[in-house]
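Undergrad: I am attaching a structure below and will ask some questions about it afterwards.
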């Protein structure tokens, strides 16, 4: 059990039948009245965030979140298959669990899968990936100083804005958290 007074960023706890992660917190001691803890928390299962106040003496069970690096194998049309690198067991996941991360993952790439009580609830691509541009308008010579961008599609299917000098066949580095172009590789 963890008291609201001991909240720290990143901590996970169970409340009202859901699992929450502390995004931000603040201990408040007003001049009049009792102290309280103001916290911004995110539901681990649904991803929704909310601001809540807690009594410092409130106690909640600590939630254990397990993270495994798994290898993406293939998609059979409905399910996406990942393999545990230690046990070689295959884990089929539905599209709604992987849709945010799968646009950055190619077959045989690794991804982090988060589990709560043995049930997968989140798939995360690596923070930075290097992918080849498969579709974009051709670059124009001398058009590099304006800072203008154009849309490009990479081999995994993600679409992002890139500088005008990037061409088809170039390998680029992408920040998957913000879907931003970082550099050519």
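Numbering (this note's numbering), first residue to last: 18 to 202. Note that CB positions come from ideal geometry on N, CA and C, so glycine has one too. Computed from a prediction, not measured in an experiment: that's the story for all the values here.
Since residue 79 sits in a beta bridge, which residues does DSSP pair it with?
TA: Bridge pairing for residue 79: 30 [DSSP].
Undergrad: Just checking my contact of residue 42 with residue 79 at CB under 8 Å: how many whole Å lie between their CB atoms?
TA: Actually they do not touch by this definition, with Cβ atoms about 15 Å apart.
Undergrad: Could you tell me the alpha carbon to alpha carbon distance between residue 60 and residue 174, rounded to whole angstroms?
TA: Cα to Cα, the separation comes out at about 28 Å.
Undergrad: If we call anything under 9 Å between Cβ atoms a contact, is residue 62 one with residue 36?
TA: Inclusion of residue 62 and residue 36 in the CB contact set at 9 Å is warranted, their separation being smaller than that value.
Undergrad: On the CB-based measure, 16 or more other CB atoms within 10 Å of its CB, does residue 199 come out buried or exposed?
TA: exposed
Undergrad: Thinking C-beta only, is residue 190 closer than 9 Å to residue 145?
TA: yes
Undergrad: Could you tell me which residues DSSP pairs with residue 185 in its beta bridges?
TA: Residue 185 pairs with nothing; no bridge assigned.
Undergrad: Exposed or buried, what is residue 52 when buried is set at 16 or more other beta-carbons lying within 10 Å of its beta-carbon?
TA: exposed
Undergrad: Going by other Cβ atoms of all chains shown within 10 Å of its Cβ, with 16 needed for buried, is residue 153 buried or exposed?
TA: Here residue 153 is buried: its Cβ has 16 or more other Cβ atoms, across all protein chains shown, within 10 Å.
Undergrad: Assign residue 121 to one of three DSSP states: helix, strand, or coil.
TA: Three-state DSSP puts residue 121 in a helix.
Undergrad: Quickly, what does DSSP pair residue 56 with across the bridge? List them, please.
TA: 42, 69
Undergrad: Quick one: is residue 165 buried, meaning 16 or more other Cβ sit within 10 Å of its Cβ, or exposed?
TA: exposed
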